[in-house]
Amino acid sequence: MIAGNGGDGKAISSSAPLKIAVFASGSGSNFQALAEAVRDGRVHATIELVVCDKPSAFVLERARNFGIETYSFSPKQYPSREAYEEEIVAKLQAHGIDLIVMAGYMRLVTNVLVEPYYGRMINVHPALLPAFPGINGIGQALEYGAKITGATVHFVDGGTDTGPIIAQQAVEIRDDDTAETLGSRIQQAEYGLLPTVVGWIAEGRVTLNGRKVTINN
Numbered sequence: 086m087i088a089g090n091g092g093d094g095k096a097i098s099s100s101a102p103l104k105i106a107v108f109a110s111g112s113g114s115n116f117q118a119l120a121e122a123v124r125d126g127r128v129h130a131t132i133e134l135v136v137c138d139k140p141s142a143f144v145l146e147r148a149r150n151f152g153i154e155t156y157s158f159s160p161k162q163y164p165s166r167e168a169y170e171e172e173i174v175a176k177l178q179a180h181g182i183d184l185i186v187m188a189g190y191m192r193l194v195t196n197v198l199v200e201p202y203y204g205r206m207i208n209v210h211p212a213l214l215p216a217f218p219g220i221n222g223i224g225q226a227l228e229y230g231a232k233i234t235g236a237t238v239h240f241v242d243g244g245t246d247t248g249p250i251i252a253q254q255a256v257e258i259r260d261d262d263t264a265e266t267l268g269s270r271i272q273q274a275e276y277g278l279l280p281t282v283v284g285w286i287a288e289g290r291v292t293l294n295g296r297k298v299t300i301n302n
């Protein structure tokens, strides 16, 4: 299923549909956009599992509506991040997951998860990294007075939005923007950008070599 680990100059590639796990913590609107792209055949993949750290999050209802298996957990019930990530890794391995897509997953990750999936784990962030990483990227951009922000899809390396950048889409900040109006436009950008990047990965077009990401034709 995989050519290399995705992090040594080789692309993730598969003749069969790419097996994806989506990690999310909230409403799951980015999950919805990706699931629709998969359902409609725009992305050659299957979403095998949705992982959620909030058992009441709406993303779980969205997943059930697509007939996708879910795994939810309460972090406070575990002694450490490593402890619940060991369970998650076991679930991922049982499903033969090729790619992890973090779409609004609000937990820092440890080497327990990063090490086996580096180069096969991506995240979508509401800013043009490396500007405005971490929480509230939209509010940070507004407070700073930036004129342009946007959306970034990047590999996860265990730092706070520090992994190699795969693709970005700019969004202009208007003089009358609020966090809500700007956030809405950034979300629309994410809904297109994330499925596009996952589609490239499913086609074996994305190569990671050090910090350099190449999109092959």
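Mapped onto this note's numbering, the consecutive letters of the sequence shown carry residue numbers 86 to 302. Think of the CB as a built atom: it goes at the ideal place given N, C-alpha and C, for glycine as much as any other residue. Source: prediction; values computed, not measured.
| message | Quick check on the DSSP output: the beta strand (DSSP E) that includes residue 292 runs from which residue to which? | response | 291-294
| query | Would residue 150 be called buried (16 or more neighbouring beta carbons within 10 Å of its own) or exposed? | reply | exposed
| In terms of alpha-carbon separation, which member of 171, 134, 167, 138 lies closest to residue 152? | 134
| task | Since I believe residue 271 is in contact with residue 234 (beta carbons under 8 Å), could you give me their beta-carbon distance rounded to a whole number of angstroms? | result | 7 Å
| message | Please state whether the Cβ-Cβ distance between residue 224 and residue 188 is less than 8 Å. | response | no
| said: Could you check whether residue 105 and residue 184 sit closer than 8 Å to each other, using their CB atoms as the reference points? | reply: yes
| request: Could you tell me which residues DSSP puts in a beta bridge with residue 209? | output: 238
| field | Coarse secondary structure for residue 193, derived from DSSP in three states | value | coil
| Excluding sequence positions up to five away, which residues of its chain have a Cβ less than 8 Å from the Cβ of residue 257? | 232, 233
| query | In whole angstroms, what separates the C-alpha of residue 284 from that of residue 129? | reply | 7 Å
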